[in-house]
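Student: From first to last, the protein sequence lines are chains A and B. Its first residue numbered 6, the first sequence is counted upward by one per residue in the numbering used here. Its first residue numbered 128, the second sequence is counted upward by one per residue in the numbering used here. Structure in structure tokens, see below.
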Amino acid sequence: MDLVTPGLGLIFWTTLTFLILVVLLRSLAWKPILAAVKDREASIDNALKAAHAARAEMAALQSSNEQLLKETREERERILKEAREIRDKTVSDAKATASAEASKVLEIAREQIHMEKMAAMTEVKNQVAQLAVEMSERILRAELSDAKAQAAMVDRALEDVKLN
Amino acid sequence: MIKIKTLGFIVFAFLVSAGSAWASAHAEAEYASGPAAEQSKFDPTEMIMHHIKDAHSWHLMDWNGHAVSIDLPVILWTDHGLVSFSSAEFHHDNSGKVVVDRNGMSFVNHHEKIHFAGEEHHGTLIDLSITKNVVSLFVVAILLLLLFVSTARHYKKVGSNKAPTGMAGFVEPLVLFVRDEIARVYIGPKHVDRFTPYLLTLFFFIWLNNLLGLVPFFPGGANVTGNIAVTLVLAVITFILTNVNGTKDYWAHVFWMPGVPVALRPLLAVVEFIGLFTKPFSLMIRLFANISAGHIIILSLVSLVFILETVWVSPASILLSLFISSLELLVAALQAFVFTTLSALYIGTALEDHSHDHGHEAAH
């Protein structure tokens, strides 16, 4: 029974000690410790939030980067295609012009050759004719030195006329 | 740094105690007339009861047949004022034979209770002595202050944005455990910060007292949390905090339970009213009984050699007391946890706002 009878003295000292301990620890220990822990929790929370925000921003940045890259690639493709088209067009134009020019030159040359040939032919004809005339004159002169020959000559000429 | 301080304190306490013990041992030598003659048969019940009860001097050991102990001040509140003297004046007598005269009154120590000698009666006699348990309380209070104030200082010095190191690294998880697993679980977010300091102090006070009670030598070994006066004080403080902070709703639930047939309400009021007191009463008994039981078991196992009067039982005695001591280490923390948790629960219930629906009634 003695064991379960609380002693007044111990009640007094326990109350005193415990209450003083609560008051002292509350102001000297628990408040600073809990405040420090709360501070740290808040700063960790902030850091985590900042990290999340940074990650989101990074992702946004990356996607916009990709968009930009894609656009640039398309732009390059477009420019290259245009350049290719311009080149092809220029080349084909040049080809057409060149061939037209060449055929024109060829035509002129051909005409010139033709004309030269004609002139040469005419001249050859003229010379042949003249040569023939001279030859015939010489032959005539030689043949017509006697009267008989002259008469035969006239006959032949007449025969030709008759034929014509 | 703190280790050195604590060590210094313990060494200091030892020096003081050694001096005092030396003196008392001498006094004992003069007093004891027949030293060996009185050695009767070993009575384990008496030894155990003596150990788990409070004492006016701190018995450290026996040396050459003499008790080596720290004499503690006896302080008595009487009708003739405050009387105080050293417990050495009783010469380790607790059978009520040695009479100490002070202020015209004479006192005897009978089983560690101070009475007036003989038939004389002088009215009030309140024993406010600094007993073994009171010294142990002081030691625990000083250790707690050293531990936690230095930890708090660490935060001031290092700043809160660094990981806790040293003592703070050890203390912080415990503090956070009490805050997150006890206070915040049972007390609403609106009030929790007001009660966390009390719950923290309660938890560490009980725990360290339990642990110190398991240390077999000075300054441990006192059965503080196994003393009903100590658990009574703690339970009463929880009781006061619970009922002083009780909301209108809480009292309505006690005296006029909503959601119950009106005819049943007076009956429930009686039950709930008794419940107000049984809750702290169970707190008081649970801690007292658990810690006292632990001390009794360990002391019984240690006494086994003397009870059975054979040295061959010592291996069993040592192994069993080692086992129970390890178990008691767990119980020390567990009982601190249980006391604190239930205190938080009772306070939290009193503060709860039931203005929402009464659907939780079914869960009760």
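Beta carbons: idealized from backbone N, C-alpha and C, even for Gly. Because the structure is a prediction, the values reported are computed rather than measured.
(1) Check whether the Cβ of Thr-467 of chain B lies closer than 8 angstroms to any Cβ atom in chain A.
(2) Using a Cβ-Cβ cut-off of 8 angstroms, state whether Pro-300 of chain B counts as contacting chain A.
(3) Give a yes or no on whether the C-beta atoms belonging to Val-187 of chain B and Ser-196 of chain B are separated by under 8 angstroms.
(4) At a threshold of 7 angstroms, does Val-298 of chain B count as lining the ligand HEM (C-beta to nearest heavy atom)?
(5) Across which residues does DSSP place Met-232 of chain B in a beta bridge pair?
(6) Can you have a look at Met-140 of chain A and say buried or exposed, based on whether 16 or more other CB atoms are within 10 angstroms of its CB?
(7) Can a CB atom of chain A be found closer than 8 angstroms to the CB of Ser-256 of chain B?
(8) Name the chain A residues whose beta carbon is nearer than 7 angstroms to that of Lys-283 of chain B?
(9) Tell me, please, which residues DSSP counts as bridged to Met-188 of chain B.
(10) On the three-state DSSP scale, how would you describe Asp-307 of chain B?
(11) Is the beta carbon of Asp-198 of chain B less than 8 angstroms from the beta carbon of Ser-222 of chain B?
(12) In three-state terms, what does DSSP make of Glu-334 of chain B?
(13) Pop quiz: Phe-415 of chain B and Ile-355 of chain B are said to be a contact at Cβ under 8 angstroms. What is the actual Cβ separation, rounded to whole angstroms?
(14) Should Arg-31 of chain A be flagged as near chain B, meaning a C-beta pair shorter than 8 angstroms?
(15) Closer than 7 angstroms by beta-carbon distance: list the chain B residues that pair up with Leu-15 of chain A, in chain order.
(16) I want to verify the contact list: residues of chain B whose CB lies under 7 angstroms from the CB of Leu-74 of chain A, in sequence order.
(17) Rounded to the nearest angstrom, what separates Val-9 of chain A and Lys-54 of chain A at their Cα positions?
(18) Helix, strand or coil for Val-387 of chain B? Go by DSSP, reduced to three states.
(19) My output table needs one value for Pro-200 of chain B: the three-state DSSP class, helix, strand or coil.
(20) What is the residue span of the beta strand (DSSP E) that Ile-445 of chain B lies within?
(21) In the DSSP output, what is Phe-433 of chain B paired with across the bridge?
(22) Among B:Pro-407, B:Asn-370, B:Leu-394, B:Val-305, whose alpha-carbon lies nearest the alpha-carbon of Phe-464 of chain B?
(23) What number of angstroms, rounded off, separates the C-alpha of Ile-474 of chain B from the C-alpha of His-281 of chain B?
(24) I need the straight-line Cα distance from Lys-240 of chain B to Trp-383 of chain B, nearest angstrom please.
(25) According to DSSP, is Ile-91 of chain A part of a helix, a strand, or is it coil?
(26) Take the Cβ of Ser-256 of chain B as the centre, count every other Cβ of all protein chains shown within 10 Å, and call the residue buried at 16 or more, exposed below.
(27) Whole angstroms is fine: what's the gap from His-153 of chain B's alpha carbon to Lys-224 of chain B's?
(28) Taking 8 angstroms as the CB-CB limit, is Arg-81 of chain A close to chain B?
(29) Who does Asp-254 of chain B pair with in a DSSP beta bridge?
(30) Give me the subset of the stretch 302-336 of chain B whose CB atoms are less than 9 angstroms from a CB atom of chain A, sorted by chain position.
(31) I need the DSSP call for Phe-345 of chain B, collapsed to helix, strand or coil.
(32) Which residues in chain B have a C-beta closer than 8 angstroms to the C-beta of Leu-26 of chain A? List them in chain order.
(33) Looking at Ile-451 of chain B: is its Cβ nearer than 8 angstroms to the Cβ of Ile-425 of chain B?
(34) Which value, in whole angstroms, describes the spacing of the CA atoms of Thr-365 of chain B and Leu-66 of chain A?
(35) CA-CA distance, Val-398 of chain B and Leu-30 of chain A?
(36) Do you know offhand how far Phe-169 of chain B's Cα is from Ile-175 of chain B's?
Tutor: Looking at the coordinates:
(1) no
(2) no
(3) Reading the sequence as shown, one finds Leu at residue 187 of chain B and not Val. Contact: yes.
(4) Questions concerning the ligand HEM fall outside what the structure shown contains, since it holds no ligand whatsoever.
(5) B:Arg-229
(6) exposed
(7) yes
(8) Pro-37
(9) B:Val-195
(10) helix
(11) no
(12) The sequence as given places Trp at residue 334 of chain B; Glu does not occur at that position. Reduced to three states, the DSSP call for Trp-334 of chain B is helix.
(13) 5 angstroms
(14) yes
(15) Asp-181, Thr-258, Asn-260, Val-261, Asn-354, Ala-356, Val-357
(16) Correct list: empty, because the minimum Cβ distance to chain B is about 40 angstroms.
(17) 56 angstroms
(18) coil
(19) strand
(20) Per DSSP, Ile-445 of chain B belongs to no beta strand (DSSP E); it is in the alpha helix (DSSP H), 441-478.
(21) Its beta-bridge partners do not exist; DSSP assigns none.
(22) B:Val-305
(23) 31 angstroms
(24) 46 angstroms
(25) helix
(26) buried
(27) Low confidence applies to His-153 of chain B: its pLDDT is 38, below 50, so where it sits in the model is not reliable, and the reading given next is rough at best. Each residue's Cα considered, the two are about 19 angstroms apart.
(28) no
(29) B:Leu-203
(30) Val-302, Leu-303, Arg-306, Asp-320, Thr-323, Pro-324, Tyr-325, Leu-327, Thr-328, Leu-329, Phe-331, Phe-332
(31) coil
(32) Ala-268, Leu-271, Leu-272, Thr-328, Phe-332
(33) yes
(34) 58 angstroms
(35) 37 angstroms
(36) 11 angstroms
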